[in-house]
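A.B. asks: Can you read through this structure? Questions will come right after.
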Amino acid sequence: ILIPAIILALYAQTKVQSTYAKYSQVRSSSGLTGADLARQLLHQAKIYDVEVEMVQGRLTDHYDPRHRKLRLSPQVYQSSSIAALGIAAHETGHAIQHDTGYFPLAIRNNLAPVAQIGSSLAFPILFIGLIAGSFNLARLGVYAFIAVVLFQLITLPVEYNASRRALYALETQEILSREELQPTRKVLNAAAMTYVAAAAVGIANLLRLLLITRRRND
108 ILIPAIILAL
118 YAQTKVQSTY
128 AKYSQVRSSS
138 GLTGADLARQ
148 LLHQAKIYDV
158 EVEMVQGRLT
168 DHYDPRHRKL
178 RLSPQVYQSS
188 SIAALGIAAH
198 ETGHAIQHDT
208 GYFPLAIRNN
218 LAPVAQIGSS
228 LAFPILFIGL
238 IAGSFNLARL
248 GVYAFIAVVL
258 FQLITLPVEY
268 NASRRALYAL
278 ETQEILSREE
288 LQPTRKVLNA
298 AAMTYVAAAA
308 VGIANLLRLL
318 LITRRRND
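Next up, the structure:
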């Protein structure tokens, strides 16, 4: 059950790394850095209370809705490559989603703490239940993991919508040329594939847990 999902996850990770590495070497004709672009798009969306800051790590870019901060890795914050601009625009898309009350994002934000607890406790609860012969406790572990899978599934429309917003802004505001938009789309599609793979692994794990608990119950 897990093997196809794991293969997909490995492929997605390799794809995003290679695609980013390739297009991080291609400089944008706009000359904007990722930080410049993020601030420009936020201001054009009339969002003035989101701070753009640099965070350490590689491809650690994210939007923090709790603190209203858009955090970009050094490779994106300081770079004017088309890969960096695509990622910066994508993360800005999340800030715009938050500002406009994009419903799937609100669901994901509410699910996040539950999914985090489920991710930490699902397997320990399940295996304690199996060892103790308690089907109800094992089933509780499965329920905890369902929250993780739901979080991964609701993440998909959120991420794809942010990418669509990014590409639309880059095109309509003529920040990137037509020739630059295609490779930027490849970068964002490769990144989106990692979320698809994560959801596939989550679903495969859930099926495996259901089969394990059903077999022990029988």
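Under my numbering, the first residue of the sequence shown carries the number 108, and numbering increases by one thereafter. Virtual Cβ for every residue (Gly too), placed ideally from N, Cα, C.
1) Determine the closest residue to residue 236 out of 312, 203, 114 and 320, with distance taken between C-alpha atoms.
2) Are there any heavy atoms of the ligand ZN lying less than 7 Å away from the beta-carbon of residue 189, as far as the coordinates show?
3) Since residue 112 and residue 301 should fall inside the 8 Å C-beta cutoff, what is the C-beta to C-beta distance between them, to a whole number of angstroms?
4) Cβ atoms of residue 162 and residue 173: under 8 Å apart, would you say?
5) Rounded C-beta distance between residue 165 and residue 182? I'm assuming under 8 Å.
6) Determine the extent of the beta strand (DSSP E) in which residue 169 is found, giving its start and end residues.
7) Tell me whether residue 283 sits in a helix, a strand or coil according to DSSP, three-state version.
8) Does the Cβ of residue 210 have 16 or more other Cβ atoms within 10 Å, making it buried, or fewer, making it exposed?
C.D. replies: This is what the structure gives:
1) As a working mapping, residue 236 is identified with position 129 in the sequence shown. Closest option to residue 236, Cα to Cα, is 320.
2) As for the ligand ZN, it is missing from this structure, which has no ligand bound.
3) Here the question's residue 112 lines up with position 5 in the sequence shown. Here the question's residue 301 lines up with position 194 in the sequence shown. Not a contact, Cβ separation roughly 13 Å.
4) Counting from 1 along the sequence shown, the entry for residue 173 is found at position 66. Counting from 1 along the sequence shown, the entry for residue 162 is found at position 55. For residue 173 and residue 162, no; Cβs fall outside 8 Å.
5) Walking along the sequence shown from the start, residue 165 turns up at place 58. Walking along the sequence shown from the start, residue 182 turns up at place 75. Right, their Cβ atoms sit about 6 Å apart.
6) On the sequence shown, residue 169 is found 62 positions in, with the first residue counted as 1. Bounds of the beta strand (DSSP E) holding residue 169 are 169-171.
7) Within the sequence shown, residue 283 is the residue found at index 176, counting from 1. Residue state, collapsed to three classes: coil.
8) Stepping through the sequence shown from its first residue, residue 210 is reached at position 103. Classification of residue 210: exposed, given that the 10 Å Cβ count is below 16.
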